[in-house]
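Q:
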Amino acid sequence: MMMKRWLLAIAAMMASATLAVANDWGMGDANSKIPPSSIFSPVSTPASDISTLAFFVLAITGAIFLIVGGLIVYSIVRFRARADDDGREPPQVYGSNPIEFAWTTVPIIIVFVLILITARTIYTVQAAARPPGAIAVRVIGHQWWWEFQYPELGIVTANELHVPLSDPKNPTPTFLVLESADVAHSFWVPRLAGKTDVIPNHKNTMWIDPHQAGTFLGQCAEFCGTEHAMMLLRVIVEPRGDFQKWAAAEKQAPVQDASVARGRALFESTACVSCHTIRGTQATGTFGPDLTHLMSRETLGAGVAMNTPEHLKIWVHDPEEMKPGALMPAMNLEQKDLDGLVAYLATLK
Ligand code: CUA
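The sequence shown maps to residues 539 to 887 in our numbering.
#1: Among the residues of its own chain, which have a CB less than 6 Å from the CB of T764, if the five just before and after it don't count?
#2: Is R772 near L829, with beta carbons less than 9 Å apart?
#3: Which residue wins for smallest C-alpha separation from T808, given the options A722, V842, L879?
#4: Shorter than 8 Å, the distance from the beta carbon of D760 to the closest heavy atom of the ligand CUA, or not?
#5: Pull up the distance between the alpha-carbon of L557 and that of M866, whole angstroms please.
#6: If we call anything under 9 Å between Cβ atoms a contact, is H814 one with G801?
#7: According to DSSP, is N635 helix, strand or coil?
#8: Give the range of the alpha helix (DSSP H) segment to which T599 is assigned.
#9: Using a Cβ-based criterion (distance less than 8 Å to any ligand heavy atom), does G679 qualify as near the ligand CUA?
#10: Opposite M712 in the DSSP bridges: which residues?
#11: In three-state DSSP terms, what is I660?
#12: Suppose you measure from the CA of W684 to the CA of G818; what does that come to, to the nearest Å?
#13: Does the separation of the CB atoms of T734 and S724 fall below 9 Å?
#14: Using beta-carbon positions only, say whether T753 and V775 come within less than 9 Å of one another.
#15: Measuring straight from C-alpha to C-alpha, what distance separates G679 and L654?
#16: By the 10 Å Cβ neighbour count, where 16 or more other Cβ atoms means buried, how is M768 classified, buried or exposed?
#17: Report the residue from E806, I852, S834, I602 whose alpha carbon sits nearest the alpha carbon of T822.
#18: Where does L771 fall in DSSP's three states?
#19: Sorted by chain position, which residues of the same chain lie with C-beta nearer than 7 Å to D747's C-beta, five sequence neighbours on each side aside?
#20: Is it buried or exposed, I646, if we count other Cβ atoms within 10 angstroms and call 16 or more buried?
#21: Does the beta-carbon of L596 have 16 or more other beta-carbons within 10 angstroms, so that it is buried, or is it exposed?
#22: Could you check what DSSP says for G625 in three-state terms: helix, strand or coil?
#23: In the DSSP assignment, the alpha helix (DSSP H) including V811 goes from what residue to what residue?
#24: Mind checking R620: buried by the 16 CB within 10 Å criterion, or exposed?
#25: Check whether the Cβ atoms of A585 and N697 sit closer than 9 Å, and answer yes or no.
#26: Please state the DSSP three-state secondary structure of I646.
#27: Rounded to the nearest angstrom, how far is the Cβ of T611 from that of V677, given a contact under 8 Å?
#28: State yes or no: is the C-beta of M769 nearer than 8 Å to some heavy atom of the ligand CUA?
#29: From the DSSP output, in three-state form, read off S718 for me.
#30: CB-CB under 8 Å to L895, same chain, minus the five flanking residues each way: which ones, in chain order?
#31: Per DSSP, what are the beta-bridge partners of P689 in this structure?
#32: Give the DSSP-derived three-state secondary structure of D735 in the structure shown.
#33: Nearest-angstrom Cα distance between G779 and A785?
#34: First and last residue of the beta strand (DSSP E) that includes Q757?
#35: What residue range is occupied by the uninterrupted alpha helix (DSSP H) comprising E698?
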């Protein structure tokens, strides 16, 4: 009887866990295929410099901790009260010049070494010169999504940053200039670089030179309101040729598919156009993400859902369902119009 109740409880727990996975809009599955974004496995110079420095500081402070802690433990054991204690004070020693000198200079030397090494790391990370092959990206933090502009390539996209693989022998790093459209955010892709604040009316800069192709997860690392936790981003690192192919496709105007003309007309006649841009249409808004090549992105709503037509329908109907607090209003279209609109969006490859 007891056993049966336990089995039922476990079955119920498993069912609710499956339900939770079913409600994550496919993100759990997709993200489980990407290696965890650990600060311990850097794949870009700024991240590995910072990690090397952190381990060096940890080694020195760890050694100090062991020496001091060991001496304390030794003293506690060696000089503990004993049954045959005669109660006299131990000999009092004052002003030994060699000892005073040693414990003043040794910490000063240690602190100086830490200062110099830290300053050198800050310098190599922040003052790196921009080589000719570098890619320039303007990052703009919004509540709650990322805008990525490539001014030299004429590309605007959102939430998924494409950058070329950087070969140490022939580096093609990406230099980012970060700004905010509203409040303070922080751009953080742990395996590529440290956090950089994204501040309104102020430009910060950083760079990355990924040595490994693949997708790297990142997130906003500064509380910026309701959906701070869902202000995710991906960095897609590709070999140079693939990057150029992607860039060329992004530069193209979207194909005009006659079969979805109704959906397009609908898009152009609703409030969508005041927030979104689709090149080659009436839509030139800049408050929300550029949708010109919406379907070239894997995710929706800054990493809240996989970008599929089914999810798009839920999103356009009412973003609150996926991302409570999202600033996009519910379009509340009739089913027929919603289907037409999403059929049009789905052609924006
Ligand atoms: Cu943007 Cu937190």
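From the three backbone atoms N, C-alpha and C, an ideal C-beta is built for every residue, glycine too.
A: Judging by the given coordinates:
#1: G863
#2: no
#3: L879
#4: Position check: residue 760 holds Glu in this sequence, whereas Asp was assumed. At least one heavy atom of the ligand CUA is nearer than 8 Å to the Cβ of E760, so yes.
#5: Residue placement at L557 is flagged as unreliable, the pLDDT there being 49, under the threshold of 50; the coordinate-derived value follows with that caveat. If I take the Cα positions, the gap works out to 26 Å.
#6: no
#7: helix
#8: 583–616
#9: Within the cutoff, so yes.
#10: The sequence shown places Thr at residue 712, not Met. BP columns for T712 point to I673, I746.
#11: Reduced to three states, the DSSP call for I660 is helix.
#12: A direct Cα-to-Cα measurement between W684 and G818 gives close to 23 Å.
#13: If you check the CB distance, T734 and S724 come in under 9 Å.
#14: yes
#15: 33 Å
#16: buried
#17: E806
#18: strand
#19: S582, T583, S704, P709, P711
#20: Under the 10 Å beta carbon count, I646 is surrounded by fewer than 16 other beta carbons and is classified as exposed.
#21: Around the beta carbon of L596, fewer than 16 other beta carbons sit within 10 angstroms, so the residue counts as exposed.
#22: coil
#23: 810–813
#24: exposed
#25: no
#26: I646 falls in the helix class under three-state DSSP.
#27: Rather than Thr, the amino acid found at residue 611 in this sequence is Val. Going by Cβ atoms, the distance from V611 to V677 rounds to 50 Å, so no, they are not a contact pair.
#28: yes
#29: strand
#30: Residue 895 lies beyond the residue range present for the chain, which begins at 539 and ends at 887; the question has no answer from this structure.
#31: Paired residue(s): none; P689 is not in a bridge.
#32: strand
#33: 10 Å
#34: 752–758
#35: No alpha helix (DSSP H) holds E698; the beta strand (DSSP E) holding it covers 698–702.
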